[in-house]
Structures are given as structure tokens and as C-alpha cells.
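Notes for the one structure printed next.
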Amino acid sequence: MIEMAKVTFEYLPGTPLAHTALTDISLTIAEGDFVALVGPTGSGKSTLIQHLNGLLTPTSGSLSFRGRRVGSDVSPLELRREIGLIFQFPESQLFEHTVADDIGFGPRRQGLAGPEVASRVENALIQVGLDYAHYAQRSPFSLSGGEQRLVAIAGVLAMRPRFLVLDEPTSGLDACGKEAVFDCLDRLNNEGVAILMVTHSMDEVAESARRIIVLNEGKIVLDDKPERIFARASFLREIGLDIPKAAELVLRLREKGFDIEADSVSMRSVVASVAAAVKERCAN
Amino acid sequence: MVEFKNVSFDYGDDENKINALKDISLTIEDGEFVAILGHNGSGKSTLARLINGLLAPSRGEVLVDGISTVDRSAVWRIRRRVGMVFQNPDNQIIASRVEEDVAFGPENLGCEPAEIRARVDEALAAVGMRDFAHFDPHLLSGGEKQRVAIAGALAMRPKYLVFDEATSMLDPRGREEIVGTTRRLNSDYGITVIFITHIPEEAALAGRVVVLSGGTIAMDGAPQAVFADVDALASLGVGVPKARLLARGLEQAGIDIPDSILTVDDLVAALC
Amino acid sequence: MRFGLTIGEYYPVDSPVHALDPRVKILLVLVFTIAVFAVVNFSGLAAAAALIVGVALVSKVPIRLAVKGVRPLLYLLAFTFIIHLFTGAKPWIELGPLHISLPGARSGALVGIRLVILVVGAAFLTLTSTPIELTDAIESLLAPLKKVRVPAHEIAMMMTIALRFIPTLAAETDKIVKAQASRGARFESSNPVTRARSFIPVLVPLFLSVFRRADELAEAMEARAYRGGEGRTRMRRLEMKGRDVLTLISVTAVFVGLAWFGRLPLV
Chain A
1 MIEMAKVTFE
11 YLPGTPLAHT
21 ALTDISLTIA
31 EGDFVALVGP
41 TGSGKSTLIQ
51 HLNGLLTPTS
61 GSLSFRGRRV
71 GSDVSPLELR
81 REIGLIFQFP
91 ESQLFEHTVA
101 DDIGFGPRRQ
111 GLAGPEVASR
121 VENALIQVGL
131 DYAHYAQRSP
141 FSLSGGEQRL
151 VAIAGVLAMR
161 PRFLVLDEPT
171 SGLDACGKEA
181 VFDCLDRLNN
191 EGVAILMVTH
201 SMDEVAESAR
211 RIIVLNEGKI
221 VLDDKPERIF
231 ARASFLREIG
241 LDIPKAAELV
251 LRLREKGFDI
261 EADSVSMRSV
271 VASVAAAVKE
281 RCAN
Chain B
285 MVEFKNVSFD
295 YGDDENKINA
305 LKDISLTIED
315 GEFVAILGHN
325 GSGKSTLARL
335 INGLLAPSRG
345 EVLVDGISTV
355 DRSAVWRIRR
365 RVGMVFQNPD
375 NQIIASRVEE
385 DVAFGPENLG
395 CEPAEIRARV
405 DEALAAVGMR
415 DFAHFDPHLL
425 SGGEKQRVAI
435 AGALAMRPKY
445 LVFDEATSML
455 DPRGREEIVG
465 TTRRLNSDYG
475 ITVIFITHIP
485 EEAALAGRVV
495 VLSGGTIAMD
505 GAPQAVFADV
515 DALASLGVGV
525 PKARLLARGL
535 EQAGIDIPDS
545 ILTVDDLVAA
555 LC
Chain C
557 MRFGLTIGEY
567 YPVDSPVHAL
577 DPRVKILLVL
587 VFTIAVFAVV
597 NFSGLAAAAA
607 LIVGVALVSK
617 VPIRLAVKGV
627 RPLLYLLAFT
637 FIIHLFTGAK
647 PWIELGPLHI
657 SLPGARSGAL
667 VGIRLVILVV
677 GAAFLTLTST
687 PIELTDAIES
697 LLAPLKKVRV
707 PAHEIAMMMT
717 IALRFIPTLA
727 AETDKIVKAQ
737 ASRGARFESS
747 NPVTRARSFI
757 PVLVPLFLSV
767 FRRADELAEA
777 MEARAYRGGE
787 GRTRMRRLEM
797 KGRDVLTLIS
807 VTAVFVGLAW
817 FGRLPLV
């Protein structure tokens with residue numbers, strides 16, 4: 001379990017360019033969670049996630065991992081073995097001659113022996129849905145953008161983190177690429193890996209996230225289940241965020257007097273509820 | 285008018301030849317707003333670069349207002365008419381001040397300083413970036429940088445503007461800015477727009493959608509017609525607007541809905 | 557990401573020095589450098605220092621910003637002084653195989669102070685001129701050399717693009733460092749060889765990225781009809797005004813006077 005308690009972070013304190021990026025952030029990510037972190041550009045999402053694996057240290061407040069305080073009881077390096085962080089456009093971190101070597105970088109840094117590293121590499125490729133025989137010995141730079149993305153993700157998965165934090169993992173990918181990433185994340189979550197995903201696309205998260213945290217101007221303004229978050233459509237729009245098309249449909253129809261029960265915002269459930277409501281209306 | 289006449293394009297040498305475009309024939313009339321939709325690797329970017337002569341066809345001909353793009357002496361006339369905005373907002377901007385970058389095109393054309401100044405002001409106004417003229421591009425958001433890139437192309441007074449996945453790397457706000465600017469340039473200034481994208485909602489805003497798949501044109505028509513057959517598009521590696529998916533879901537659940545729905549507005553109107 | 561003023565970065569304020577044609581400023585720095593090297597007495601160096609204080613006042617730039625540039629040089633200055641001290645003529649104190657020399661102390665001090673004066677003086681060039689102004693000035697000054705095949709336009713274009721990408725590449729490097737650190741990479745080894753190797757996961761992706769950017773930028777430039785310097789015009793042209801010429805001549809005269817004064821048999 002990751003816990004942030006009243007974390008405040010200020011960039012360049014004491015200089016004329018100082019600014020507070022995060023104020024009083026308190027949140028908990030439980031094992032196995034699937035959380036989406038959303039917020040307008042500049043709300044502090046990047047700053048927040050860089051605290052989770054110790055790249056940044058709070059100016060005040062604390063971060064704890066499984067009850068142990070980060071900084072005093074657990075070092076950032078140890079933290080990075082359990083909490084994997086994947087930046088936006090992670091393909092920019094690829095550098096080795098072969099895919100296998102690049103994915104093995106993390107495990108080798110950890111000090112693992114050859115056979116263990118090889119086994120981690122193999123498993124990581126399976127987890128991202130790439131065929132070992134076809135990809136392992138190729139140069140990462142001969143791959144397509146979507147494939148490179150998956151290799152970069154595999155590089156972090158090879159460290160076997162129990163928490164995975166991703167910054168806009170589908171940014172720049174086409175429909176197929178996005179699907180491949182989401183399939184991978186759903187699989188991981190089913191295996192018990194907690195996922196925290198920063199995203200701008202509400203449509204995306206509607207299908208997978210079980211919890212959404214909304215950040216605005218460095219503060220958490222909402223932290224709840226998707227359906228409840230999307231019900232606050234006008235507030236979200238005010239701060240520059242959209243809601244998924246499915247949720248928008250439900251809201252608009254409710255305004256027109258339809259009685260829609262959707263308790264989830266997945267496409268399937270919305271379609272079913274809307275169909276039911278429309279049939280009922282026509283029958284009357 | 286832009287014409288593709290039996291155009292094919294191959295990458296690589298004889299041993300590793302990749303056939304990116306296969307016998308494409310396409311005509312784009314003045315004033316159109318055409319979206320080119322396709323999966324990654326379908327040949328969209330190749331097609332974009334053939335229009336302004338950055339690439340020359342392996343077979344066939346590309347003509348811009350009757351001028352062939354392989355005519356090396358005329359390629360500069362073509363680049364004056366065909367402006368291009370690329371995918372990466374950063375890798376198009378060469379100067380550390382916005383107005384200096386927008387001036388780059390007219391400077392290359394050898395315009396007089398007063399003329400360049402006028403064009404720069406005009407172009408920045410057209411994209412709503414007048415107030416940012418003295419800014420360092422590094423301080424701008426992705427959407428703002430792309431608008432500067434558009435201004436840079438506009439300063440050449442082009443007749444055609446090609447957008448090569450210009451919104452792929454932007455957040456939703458940035459995408460909205462670019463799509464809005466592009467539609468205005470087409471409707472208010474009469475610039476012919478060729479908009480390459482893989483985002484169905486953006487393609488749905490065009491007057492005409494051309495679907496590219498595996499190097500060939502698979503579909504060509506109005507958005508309502510193209511997005512009607514969801515499964516056919518899926519097999520071509522292309523999605524449809526979410527509202528269309530919702531409409532289809534409802535259709536399958538027994539509700540009577542036309543297959544020309546593209547937006548939530550359309551859908552709400554159809555249901556009430 | 558490093559914010560804040562880097563050494564010698566442009567300090568925006570209105571002053572006669574800021575308004576001066578940047579070509580004149582560059583030429584005056586060159587003349588100043590020659591003059592200061594010609595000075596062989598401390599009185600001359602004191603006069604030079606006084607001139608710098610005068611420039612600082614007229615330019616309305618706090619002199620401490622110019623002095624910041626000296627800090628990185630302190631080791632070099634100390635080292636230079638010591639070399640001169642121990643290798644000068646006329647040994648004064650013997651210390652075994654080494655000796656301390658008074659003439660050596662004097663020349664060491666002269667060299668050191670000269671360097672400080674040059675660094676502080678030259679800083680006023682970048683403090684009072686924007687990078688764009690400086691690039692334009694260099695292009696203009698080199699233009700006559702095109703006759704002897706000096707690629708003035710290309711040099712200016714390279715400088716412009718390099719300046720434009722410095723913040724972008726700095727941000728990218730930062731991101732790559734963080735991404736690799738998140739995979740367990742460490743960069744603080746005390747062993748210099750290990751430390752150098754630990755930067756491979758940063759340098760390789762960075763270089764690849766730079767090459768890719770260069771390709772894309774080249775395409776974008778071609779798309780806007782770039783074909784080198786031939787037939788190119790500029791939106792902004794540097795125009796030398798009477799005031800600029802006058803300043804160039806009179807200040808040069810002052811520097812010549814400085815050189816003369818600095819060669820008199822004074823302290």
C-alpha cells in the first residue's frame with residue numbers, strides 16, 4: 001500500500017521562480033487497485049507521480065510504502081523495485097543493442113544473475129504480448145512506435161513491481177496500439193499488480209479504472225468511483241476536463257427526461273441501460 | 285487541385301523493399317476539407333510527403349495545380365503553395381522567438397522585410413497567437429506550438445495545407461485548438477485542407493474521408509457514409525467515433541437508429 | 557529542470573548599452589581583450605576595472621551578475637598563480653627543490669587579474685544582448701568573409717538552431733535520467749570510469765533523439781522552401797546608426813589609451 005500524507009511540494013524554494021506544485025496531497029493506493037489520475041495540464045500530475053518512486057522528495061508531508069516511511073525506513077532505490085514508473089513516450093529510454101538486453105537493464109542493475117535476468121526478460125515480453133522468439137534479438141530501433149512502447153513497458157515490468165505508475169501510456173498510439181497497452185494493463189491488474197495511470201482521455205479510463213482521482217491546481221478535488229466522478233460533468237468542464245461520450249449520453253438523456261440507471265460507465269452497461277430506458281419510454 | 289495518378293511508393297533497397305503505396309489515384313479539389321484516415325503503416329505519412337515533393341513517387345505522378353512534383357525546377361513553386369504541419373510540435377520550430385520562426389518561410393522566399401513583417405502579423409492573427417509573438421517557443425504548450433507551426437506555414441500564403449498527424453502528440457485541449465483553427469482556415473480563408481489522422485472523431489468533422497489501408501484507398505466518401513459500416517472499418521484497422529459505437533450498440537439492442545450518427549448530439553436528437 | 561539565470565544570461569532592462577548595435581559590442585569586446593593583454597602594470601588593470609564599473613553603471617546591470625562567471629575559474633586562477641610563483645626568475649626563498657620568486661608572483665597576479673577582468677568585461681556582452689541579436693551580429697560580421705568561402709549564413713543558422721534547442725534538450729536529458737533512474741540506474745559512483753559508463757543509458761537515447769530531431773527539422777525547413785543562404789532575406793536587419801559608429805570610435809580610442817597607460821613604467 002502506498003500512502004501519501006499531506007504532501008506539499010515546492011519547486012525552487014527561496015528563488016524568485018519558486019512555485020508550489022502540490023498542496024496537502026493525501027491519498028492511498030491499495031494493492032491491486034486500478035486508479036486513473038486526471039487533471040488539466042499544469043495541475044501537478046507529473047510532480048505527484050514522481051514522488052511515488054522517490055524521484056522527488058516532499059517539501060513537507062510524508063510518503064509511506066507498506067507502512068514504512070520513505071526516506072528514513074526505505075530508500076528510493078528499494079522503492080523503485082516495487083513501484084515501477086513509466087514516463088510519457090517511454091520509447092525514449094531505449095538504448096541497448098537488442099530488445100532482450102534493454103529489458104534486462106533493470107534486473108541487471110538490481111544485481112540479479114544471468115539465468116534470472118533471462119527468465120525475467122522472457123516473462124516481461126509475455127506480459128506485454130510480444131513473442132520472445134520474434135523480438136528478443138532484434139534492435140529496439142527497428143521496431144514500430146507501438147512495439148517500442150511495449151518494449152519500454154517490459155523493461156519496467158522485468159523488475160517485477162507490485163505497483164505500476166504510468167504517465168499517459170497510450171499517448172501518440174493509434175487504436176491498435178492503445179488496445180495492446182490496455183490489454184497488457186488489464187492482464188497485470190488481474191494478476192494483482194496495482195495500476196495508477198495518468199491520462200487525459202476519459203473515454204479510455206471509463207472501461208478499466210475502478211477509481212478516479214481528479215487533480216486541479218496541485219490539490220485533489222475529487223477521489224471516487226468513475227460513475228460518481230462523471231456525474232459532476234459541469235464541474236469537470238469548468239476545470240478543463242471532459243467526460244466520456246457514454247457518460248455524456250447518459251447525462252443528456254436524463255436531462256430530456258429519460259430514466260437511466262447506469263451504475264457503471266462502461267460502453268456495454270450504458271448501452272444496455274439506455275436501450276432499456278428508450279424501450280420503456282416508447283412503450284408508454 | 286491536387287492529383288495522384290497511379291502513384292506507388294517503395295521504401296528501402298531491392299532486397300528489403302517495402303511497398304508503402306500501391307497504385308493510388310486520388311483527386312482533391314480546391315476548397316475541400318479532406319481527412320485521410322488509416323492505421324499506423326497504412327501509408328498516410330508517405331502520401332502527405334508526396335504532395336509537397338519531400339518524396340517523389342516510385343511510379344506514377346503527383347500534380348499540384350498541374351505542376352508535377354518531380355519537376356526539380358518547379359518544386360519550390362509547389363512548396364509555396366502546399367504548406368505542411370508535422371506531428372512533433374518541437375521539431376518544426378527553428379528560432380527561439382515565435383515571430384522569428386514564423387518569418388522563416390517568407391525569408392526563404394526572398395520577400396522584402398516590410399512584406400515579411402506583414403505576413404508574420406497576419407499569420408499569427410489567423411491562428412490567434414498575436415500576443416505570443418515575442419515568446420520563446422519552449423514556454424508554449426503543445427497546442428500553442430502547433431499553432432505557431434501553422435502560422436509558419438500560413439506566412440507562405442499557401443493554397444493547400446497538409447496536416448500530418450498534427451494532433452497525435454497533443455492533449456485534448458491542444459487537439460481542439462488545432463482542429464478548430466484548421467476548420468476556420470478552411471471555411472473563412474478557403475484554404476484546401478488535407479488532414480491526416482488516426483482519430484475518428486477528427487475525421488468525422490471533414491467534408492470527405494479517405495480511408496487508407498495497407499497502401500491502398502479502401503473507402504472514399506462523406507463521413508456519415510464511411511463510418512456506417514463499423515465492422516468493415518475494424519478489419520481495415522480503423523476505428524469509428526465513440527458516438528457511432530454507442531449508436532450501433534443500441535441498434536443491436538433493438539432500437540431503431542440510422543447508421544449516419546457521428547456525434548452525441550446526433551444520437552440524442554435521434555432518440556428523442 | 558534548471559530554471560533561473562545561467563551565467564551571463566540576458567538581463568532585460570533599457571539602457572544605452574542594451575540599445576547599442578550588437579556588432580559594435582562584439583568588436584569592442586575584441587578591442588578590450590587586446591588592450592587588456594597589452595597592459596603590463598597593475599595601474600592599467602585598475603583602470604580597466606574602473607572602466608568595467610563604468611559600463612556596469614551605464615548598462616544598469618547589477619555587477620554581481622557579471623562577477624558570477626568568475627567562480628568556475630577560481631581553481632584555474634589559483635593554479636596559474638602558483639605555477640608562476642614557483643617558476644619565475646630570481647629565486648627569493650628556497651624550499652628544497654622549489655623556489656618562490658617575486659617576479660613570478662607579480663606575473664602570476666597580473667595574469668590572474670587580467671583573466672578576471674576579461675571574463676567580467678565580456679559578460680556584459682551577453683548580459684546586454686539577446687542570443688538572437690548576437691547571432692545576427694555574428695552573421696553580419698562574418699558576411700564579408702563569404703568571399704573567402706567562410707559559410708557565414710550556415711554558421712549563424714547552426715547557432716540559431718542550437719540556441720533554440722538548448723532548453724528542449726535539457727528537459728529531455730532530465731526526463732531520460734529520471735526514466736533510467738526509475739529502472740535502477742545510478743549516476744553517483746565515485747569511480748570515474750564507472751561513472752562515465754553509467755551515462756551510456758542517457759547519452760545513447762539522447763543522441764538518437766537528437767539525430768531524429770535533426771531529420772524532422774530538416775524536412776520541416778525544406779517544406780518551408782529553405783535552400784541555404786542564397787536569395788534569403790531577413791525580417792529584421794541590423795542597422796548601424798551614427799550613434800553606434802561614434803561609440804565604436806570613441807570607446808576604441810579609450811581602450812587604446814588604456815593600453816598605452818598600462819605600458820607606462822608604473823606599479
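Protein chains in written order, with the working numbering: chain A, 1 to 284; chain B, 285 to 556; chain C, 557 to 823.
All C-beta atoms, glycine included, are put in the ideal place defined by N, C-alpha and C.
| Item | Value |
| --- | --- |
| Select from B:Phe288, B:His422 and B:Thr330 the residue whose C-alpha is nearest the C-alpha of Arg381 (chain B). | B:His422 |
| Under the rule that 16 or more other beta-carbon atoms within 10 Å means buried, what is Lys797 (chain C), buried or exposed? | exposed |
| So for Asp167 (chain A), helix, strand or coil by DSSP? | strand |
| The alpha helix (DSSP H) with His709 (chain C) in it runs from where to where? | Ala708 to Ser738 |
| Flag this pair as yes or no: are the beta carbons of Ala433 (chain B) and Ile377 (chain B) separated by less than 8 Å? | yes |
| If you reduce the DSSP assignment to three classes, tell me which class Cys134 (chain A) lands in. | Here the sequence assigns His to residue 134 (chain A), which means Cys is not the residue at that position. If DSSP states are grouped into helix, strand and coil, His134 (chain A) belongs with the helices. |
| Jot down the residue ranges of each uninterrupted alpha helix (DSSP H) in the region 298 to 348 of chain B, minimum 4 residues, whole runs only, in chain order. | 328 to 335 |
| State buried or exposed for Arg68 (chain A), treating a residue as buried only when at least 16 other CB atoms are found within 10 Å of its CB. | exposed |
| Under a Cβ-count criterion, where at least 16 other Cβ atoms within 10 Å of its own Cβ denotes burial, should Glu147 (chain A) be classed as buried or exposed? | buried |
| Establish whether the CB of Arg457 (chain B) and some CB of chain A are separated by less than 8 Å. | yes |
| Looking only at its own chain, which residues have a Cβ that is under 6 Å from the Cβ of Tyr135 (chain A), when we skip the five neighbours before and after it? | Val99 |
| Could you tell me how far apart the beta carbons of Ser696 (chain C) and Arg579 (chain C) are, in whole angstroms, since I believe they sit closer than 8 Å? | 6 Å |
| Alpha carbon to alpha carbon, what distance is there between Leu143 (chain A) and His709 (chain C)? | 38 Å |
| So, is Gly95 (chain A) buried or exposed, given that buried needs 16 or more other C-beta atoms within 10 angstroms? | The sequence shown places Phe at residue 95 (chain A), rather than the Gly named in the question. Under this definition Phe95 (chain A) is a buried residue. |
| Would Gly458 (chain B) pass as a contact of Gly426 (chain B) if the rule is Cβ separation under 8 Å? | yes |
| Where Thr750 (chain C) and Gln110 (chain A) are concerned, what is the direct C-alpha to C-alpha distance, given to the nearest angstrom? | 16 Å |
| Report the partner residues of Tyr444 (chain B) according to the DSSP bridge assignment. | B:Val366 and B:Thr476 |
| Just mark Ser738 (chain C) as buried or exposed, buried being the case when its beta carbon has 16 or more other beta carbons within 10 Å. | buried |
| Along the chain, where does the alpha helix (DSSP H) that runs through Lys279 (chain A) open and close? | Met267 to Ala283 |
| In three-state DSSP terms, what is Ile539 (chain B)? | coil |
| Below 8 Å on the Cβ atoms is my contact criterion, and I expect Gly283 (chain B) with Tyr444 (chain B) to pass it. Report the Cβ-Cβ distance as a whole number of Å. | It is not possible to answer for residue 283 (chain B), since the shown part of chain B is limited to 285 through 556. |
| In terms of alpha-carbon separation, which member of B:Gly337, B:Asp385 and B:Gly344 lies closest to Ile362 (chain B)? | B:Gly337 |
| For Gly560 (chain C), count the other beta carbons within 10 Å of its own beta carbon; 16 or more makes it buried, fewer makes it exposed. Which is it? | Residue confidence for Gly560 (chain C) is low, a pLDDT of 43 falling below 50, so the modelled location carries little weight and cannot support an answer. |
| Does the CB of Val463 (chain B) have a neighbour CB from chain A at under 8 Å? | no |
| Determine the direct distance from the alpha carbon of Ala332 (chain B) to that of Ser208 (chain A), and round the result to whole angstroms. | 35 Å |
| For Val404 (chain B), decide whether its Cβ has a neighbour in chain C, counting only Cβ atoms nearer than 8 Å. | yes |
| Determine whether the Cβ of Ala602 (chain C) lies closer than 8 Å to any Cβ atom of chain A. | no |
| Check each candidate in C:Leu822, C:Val585 and C:Leu804 and name the one with the smallest Cα separation from Val675 (chain C). | C:Val585 |
| Can you tell me whether Met777 (chain C) is helix, strand or coil according to DSSP? | helix |
| Which residue's Cα is closest to the Cα of Arg431 (chain B): B:Thr481, B:Arg468, B:Asp515 and B:Cys556? | B:Arg468 |
| For Ala417 (chain B), I'd like the list of residues in its chain whose CB is within less than 7 Å of its CB, leaving aside the five on either flank, ordered along the chain. | Val382, Glu383 and Leu408 |
| Using the C-alpha atoms, what's the distance from Leu321 (chain B) back to Leu551 (chain B)? | 23 Å |
| I'd like to check one pair, Leu249 (chain A) with Val643 (chain B): are the Cβ atoms closer than 8 Å? | Outside the shown range of chain B (285 to 556) lies residue 643 (chain B), about which nothing can therefore be said. |
| Near Thr466 (chain B), what residues of its chain come up, given a Cβ to Cβ distance below 7 Å and the 5 sequence neighbours on each side ignored? | Phe447, Val477 and Phe479 |
| Tell me whether the region 741 to 759 of chain C and the region 57 to 76 of chain A touch, counting them as touching only if at least three CB pairs, one residue from each stretch, are closer than 8 Å. | no |
| May I ask which residues mark the beginning and end of the beta strand (DSSP E) holding Thr15 (chain A)? | Note, Thr15 (chain A): premise wrong, no beta strand (DSSP E); not H, not E. |
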